DNA sequence: CTATGGCACGGATT
DNA sequence: AATCCGTGCCATAG
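In this note's numbering, the protein residues as written are 45 to 514.
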């Protein structure tokens with residue numbers, strides 16, 4: 045099976061070759077857009093950067109024509125406008141270089157800080173890529189070979205960097221499978237602690253029965269006394285996790301005080317005006333260079349004085365530059381309109397919890413904005429939104445049909461007095477006006493990482509045992 | 001017999 | 001056209 049084609053190689057190509065068709069900027073993340081625009085800017089002298097105008101009252105930088113949307117909110121509804129990301133160094137105009145905000149460290153930065161010093165610049169960019177590919181559990185879903193091919197780097201380099209990542213905290217990060225994550229953790233623990241002998245073979249070969257608590261089965265397979273297996277299981281449960289990424293998120297990604305500058309990584313930031321819980325939502329859409337990249341008018345007039353091959357050459361450049369400018373503006377207008385709709389329709393979800401998400405589809409938004417469905421798909425893909433709670437979520441979360449129901453399932457089980465079976469949960473959902481099949485409840489429960497009722501029983505028993513022991 | 005997970009189908013969504 | 005999602009059916013474990 046071929047891996048899905050990715051955007052960056054395609055972009056490198058178009059940036060250096062002829063830009064004849066409209067470009068797909070919409071489908072790119074903010075970082076990719078920035079990379080692309082910088083390369084176009086460098087390769088086309090007919091393009092120039094201009095400075096944004098400033099709102100006379102609030103001094104905010106304005107990237108689109110018209111009055112300041114914050115000081116002059118046009119009408120009812122959310123306030124949506126373009127802004128440059130508060131990144132460092134990126135802004136060639138020298139404006140808007142905000143100081144590094146104090147913020148809880150993100151996992152990606154935490155990892156880079158650990159391995160950065162021992163890597164060459166080239167390896168560091170490999171590390172950047174690999175870390176960005178880690179899934180929500182901190183595991184690496186992509187093979188080294190795929191990454192190497194994508195990065196155009198030797199396999200050995202990729203593997204070296206990956207191994208460096210795997211030696212980082214939290215232990216097991218960057219492993220390619222839950223099993224590998226567990227093994228890495230065991231090795232690290234073994235340096236300072238005694239590890240029950242049964243632990244390694246259980247991880248390697250009997251993980252499945254372990255999950256079901258089938259200690260007898262394992263004991264027989266390994267020819268070990270059952271208590272030893274149980275001790276090993278307890279060790280695994282207490283000390284190891286197949287999802288190393290979650291341990292970091294656990295203490296770092298908790299809802300934090302909303303810090304307006306926290307949002308390096310999102311392309312859309314939702315917030316409320318201070319002291320205005322009832323006020324309109326304010327949405328900043330981060331867009332590198334937008335509104336400031338334009339065809340240099342001097343070159344435009346200059347071209348008219350040229351002739352022959354030289355003139356043709358420059359006309360081509362100007363045409364290309366105009367196209368870039370147009371595509372860029374077009375894609376940004378679409379994202380802004382999307383942002384406005386999200387803020388309007390999902391206000392409760394943005395300010396509140398998953399449960400308040402209202403089901404919505406890309407197709408419906410497309411109809412409302414009178415654009416093609418694929419346009420909305422691209423506008424949503426590879427982008428993230430920062431919510432006032434401090435959470436950063438992929439935009440696709442806004443279109444998750446089952447999110448709010450899963451949230452209800454979670455709370456039903458959290459508040460249960462005795463372990464409820466899936467059928468019972470399904471019944472309770474029906475009472476609340478959410479008819480879902482029993483099978484579906486099972487899937488939602490699994491998605492939330494909740495064990496089946498029978499196992500929640502033993503989990504309870506173990507928890508209370510541990511509690512009374514301590 | 002009950003609870004659950006695997007598989008596969010069909011319709012919706014991208 | 002490809003993928004995702006909810007669901008029903010069936011096998012299996014307890």
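Beta carbons: idealized from backbone N, C-alpha and C, even for Gly.
The model shown is predicted, which means the values in this text are computed figures rather than measured ones.
- If only uninterrupted beta strand (DSSP E) runs of at least 3 residues are considered, those enclosed by the stretch 410-476 are 428-430 and 436-438.
- In terms of CA proximity to residue 88, 337 leads the group 337, 224 and 431.
- Inter-segment contact for the stretch 89-100 and the stretch 337-356 is present: three or more beta-carbon pairs are separated by less than 8 Å.
- The count of Cβ pairs closer than 8 Å, one atom from the stretch 228-247 and one from the stretch 271-289, reaches three, so the stretches are in contact.
- Remark: C-beta atoms of residue 368 and residue 329 do not approach each other more closely than 8 Å.
- DSSP places residue 497 in the helix class (H, G or I) of the three-state scheme.
- The bridge partners DSSP lists for residue 329 are 126 and 312.
- Setting aside the 5 residues that flank it on each side, residue 125 is surrounded in the same chain by 113, each with a C-beta closer than 6 Å to its C-beta; the list follows chain order.
- For residue 414 and residue 115, the gap between their C-alpha atoms comes out near 29 Å.
- Residue environment: residue 470 is assigned as buried (16 or more neighbouring CB atoms within 10 Å of its CB, all protein chains considered).
- Below 8 Å, enough C-beta pairs join the stretch 487-503 and the stretch 448-464 to call them touching: three or more.
- The C-beta distance from residue 491 to residue 450 rounds to 6 Å, short enough to fall under 8 Å.
- Per DSSP, residue 338 lies in no alpha helix (DSSP H) segment; the continuous beta strand (DSSP E) that holds it begins and ends at 337-339.
- For residue 156, the enclosing alpha helix (DSSP H) covers residues 151-159.
- With a 10 Å radius around the Cβ and a threshold of 16 neighbouring Cβ atoms, residue 212 comes out buried.
- Minimum Cα-Cα distance from residue 195 among the listed residues 104, 169 and 266 corresponds to 169.
- The beta carbon of residue 422 sits closer than 8 Å to those of 68, 70 and 71, all from its chain and outside the five residues before and after it, given in chain order.
- For residue 91, the uninterrupted beta strand (DSSP E) run begins and ends at 91-93, by DSSP.
- Segment contact: the stretch 424-435 against the stretch 471-486, fewer than three CB-CB distances shorter than 8 Å; contact not assigned.
- Between residue 382 and residue 326, the C-beta gap is not smaller than 8 Å, which leaves the two residues out of contact.
- In the DSSP annotation of this structure, residue 184 is not part of any alpha helix (DSSP H), being labelled neither H nor E.
- Checking the DSSP bridge columns, you'll see residue 97 partnered with 106.
- Taken through DSSP and simplified to helix, strand or coil, residue 287 comes out as coil.
- Residue 392 carries a helical assignment under DSSP once its states are collapsed to helix, strand and coil.
- The residue among 166, 165 and 172 with its C-alpha nearest the C-alpha of residue 156 is 172.
- Our two residues, residue 438 and residue 311, have alpha carbons roughly 10 Å apart in a direct line.
- Contact between the stretch 200-216 and the stretch 261-274 is absent: fewer than 3 CB-CB pairs across the two stretches fall below 8 Å.
- Put simply, the backbone Cα of residue 445 is about 27 Å away from that of residue 321.
- Secondary structure at residue 478: coil, using DSSP grouped into helix, strand and coil.
- Shown here for residue 398: same chain residues with a beta carbon closer than 8 Å to its own, the five before and five after excluded, namely 447, 448, 450 and 451 in chain order.
- The distance from the Cβ of residue 226 to that of residue 161 is about 28 Å, inconsistent with a contact at the 8 Å cut-off.
- Relative to residue 216, the option among 240, 178, 263 and 241 whose CA is nearest is 178.
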